[in-house]
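Notes follow once the structure below has been shown.
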Amino acid sequence: KCLNVYAKLKAVCDTIDSLNIGGGFPIKRNLNFNYDYAYMIKEIVGQIKQECGDKNVKEPHLFTEFGSYTVGESGGTVYKILHQKRQNDRERWNMIDGSFMTTLPDAWAISERFILLPLNKWNESYERVLLGGLTCDSDDYYNSEQHVNAIYLPTVYDDDEVPLYIGFFNTGAYQESLSGQGGIKHCLIPSPKKILLYKDADGNIVDELFAEEQNVESMMKILGY
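With my numbering applied, the sequence shown closes on residue 551, and no number is skipped along the way.
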């Protein structure tokens, strides 16, 4: 349909020379992800070329909007497990030091899936858990509805001296632009600390503080106090 419209417009306005085919390229949302990008690009370009040849119109310049594919893998989100709450005899809720609704809004809004891994305690025993955020909202959680499979993480004990840290990976697309940096979040959850990781000219990994965690004073000032 898109190419039909392009061909009809090209016939009456020869200066039209570009076609935006939109977005939709997937990125890695689980460790078993396997996608042949080269094949898909070849198929898309090949079909456009063939259709233009059949309709006797010049092939357009192609533009895409592959947002997640372009920047998704540039970001990750780290949480500390503050406490484990027993909902009943079966459910164990690991409560994070933040909110999924404010830091991973796609997980809440469209049940987007992200790669989830523990960052420490890999060699300890594991247990099935649900993950809950700190807001008062009953939708502030992450479980098998978003994650496809049940979530298993290292066991949390009340007397743990070292807390469990977990990471959500490939969160670089849309999450911060939807949530925003600074401002007022749901239930006054502060904007988290932002850290940049990159390699210097010698190949060494460098970390740099980009933004401190939002403080109470700045939020109260926005609210007029």
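Every residue gets a Cβ at the ideal spot worked out from N, C-alpha and C, and that includes glycine.
For lysine 525, I'd like the list of residues in its chain whose CB is within less than 8 Å of its CB, leaving aside the five on either flank, ordered along the chain.
Walking along the sequence shown from the start, residue 525 turns up at place 199. Ile531, Val532, listed in sequence order.
Which value, in whole angstroms, describes the spacing of the CA atoms of threonine 341 and leucine 335?
Residue numbering aside, residue 341 sits at position 15 when the sequence shown is read from its first letter. Residue numbering aside, residue 335 sits at position 9 when the sequence shown is read from its first letter. So the two alpha carbons sit approximately 10 Å from each other.
Within this structure, are the beta carbons of glycine 459 and isoleucine 510 separated by less than 8 Å?
Translated into the one-based positions of the sequence shown, residue 459 becomes position 133. Translated into the one-based positions of the sequence shown, residue 510 becomes position 184. When the beta-carbon positions are compared, glycine 459 and isoleucine 510 stay at least 8 Å from each other.
When burial is assigned at 16 or more other CB atoms within 10 Å of the CB, is tyrosine 551 buried or exposed?
The residue given as residue 551 occupies position 225 in the sequence shown. The residue is exposed, with fewer than 16 neighbouring Cβ atoms inside 10 Å.
Quick one: which unbroken alpha helix (DSSP H) runs of 4-plus residues sit fully inside the segment 434-486? Chain order, please.
Counting only runs of 4 or more, we get 470-473.
Check whether the Cβ atoms of proline 444 and leucine 490 lie closer than 8 Å to each other.
Against the sequence shown, residue 444 aligns to sequence position 118. Against the sequence shown, residue 490 aligns to sequence position 164. In this structure, leucine 490 lies closer than 8 Å to proline 444 by Cβ.
Comparing alpha-carbon positions, which option in Leu479, Gln507, Ser464 lies nearest tyrosine 452?
For the purposes of this step, residue 452 is identified with residue 126 of the sequence shown, where counting begins at 1. Closest by alpha carbon: Leu479.
With contact counted as at least three CB pairs below 8 Å, one residue from each stretch, are the segment 389-399 and the segment 410-421 in contact?
With a cut-off of 8 Å, the segment 410-421 and the segment 389-399 do not count as touching, because too few Cβ pairs lie within range.
Does the distance from the C-beta atom of glutamate 399 to that of isoleucine 353 stay below 8 Å?
Translated into the one-based positions of the sequence shown, residue 399 becomes position 73. Translated into the one-based positions of the sequence shown, residue 353 becomes position 27. Their beta carbons are under 8 Å apart, which means glutamate 399 touches isoleucine 353 by this criterion.
I'd like to know if tyrosine 365 contacts chain B, where contact means its C-beta is closer than 8 Å to some C-beta of that chain.
Included in the structure is just one protein chain, with no chain B present.
Which same chain residues end up closer than 6 Å to phenylalanine 426 when comparing Cβ atoms and leaving out the 5 residues on each side of it in sequence?
By 1-based counting over the sequence shown, the position of residue 426 is 100. Here the set comprises Ala433, Trp434, Gly459, Asp466, Tyr468.
Using the three-state DSSP reduction, which class does valine 532 fall into: helix, strand or coil?
On the sequence shown, position 206 is the one that residue 532 refers to. In the structure shown, the three-state DSSP call for valine 532 is strand.
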